[in-house]
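All remarks here apply to the structure that follows.
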Amino acid sequence: MQLLPPSPDILAELEKWSVEAVARTRKLGVSSDKIILDPGIGFGKTVSQNLEILRNLNRLTKAGFPLLVGTSRKSFIGTLLNRPAGERIFGTAASVAVSIMYGAHIVRVHDVAAMRDVAAFMDALASERSEA
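If you count the sequence shown from 1, position 38 lands on 122 in our numbering, and the numbers rise without skipping.
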């Protein structure tokens, strides 16, 4: 899957895939409250495509389903920061913060305690913004 050719418009492709995947899933009898969408960060995508997805996660939330994002220690972070997997916690933290900021409901991580702090900070930031 890592060797798929680059898509000229990864977001349009993901939006189309989401609609089709939800329709197939609903047709199989899965209720809407059991569906979570995952844009598949890192799977068959270039570094640029992964960044484009993160910048535009809010487009994928328009389908009305919770969004799961898994960026933890991914190779695109290593490529950007020139770090091996075990040294990607700060890049992961940044990507988790961005994911939450742009609409992720669930984040898959390796370093749970540290990313819990990132999520708590982002939740507090969003809460303050909505109270203003």
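Glycine included, C-beta positions come from ideal geometry on N, C-alpha and C.
Worksheet item: Can the beta-carbon of PHE160 be found less than 8 Å from the beta-carbon of GLY126?
Response: Cβ distance < 8 Å, so PHE160 and GLY126 count as in contact.
Worksheet item: So VAL193 is in the alpha helix (DSSP H); what residue range does that whole segment cover?
Response: Here VAL193 belongs to no alpha helix (DSSP H), and DSSP marks it neither H nor E.
Worksheet item: Among HIS189, GLY162, ASN140, ASP122, which has the Cα closest to the Cα of LEU95?
Response: Selected option, being the one with the closest Cα: ASN140.
Item to complete: Drop a sphere of 10 angstroms on the beta-carbon of ARG108, count the other beta-carbons inside from all chains shown, and report buried for 16 or more, exposed for fewer.
Response: Exposed, by the Cβ-count rule.
Worksheet item: Rounded C-beta distance between ARG172 and ARG157? I'm assuming under 8 Å.
Response: Correct: roughly 5 Å between the Cβ atoms.
Practice prompt. For LEU121, name the three-state secondary structure that DSSP assigns.
Written response: It is a strand residue.
Item to complete: Give me the Cα-Cα distance between MET100 and ALA169, rounded to the nearest whole angstrom.
Response: Note on identity: in this sequence residue 100 is Lys, with Met being the wrong assignment. Rounded to whole angstroms, LYS100 to ALA169 spans 32 Å at the Cα level.
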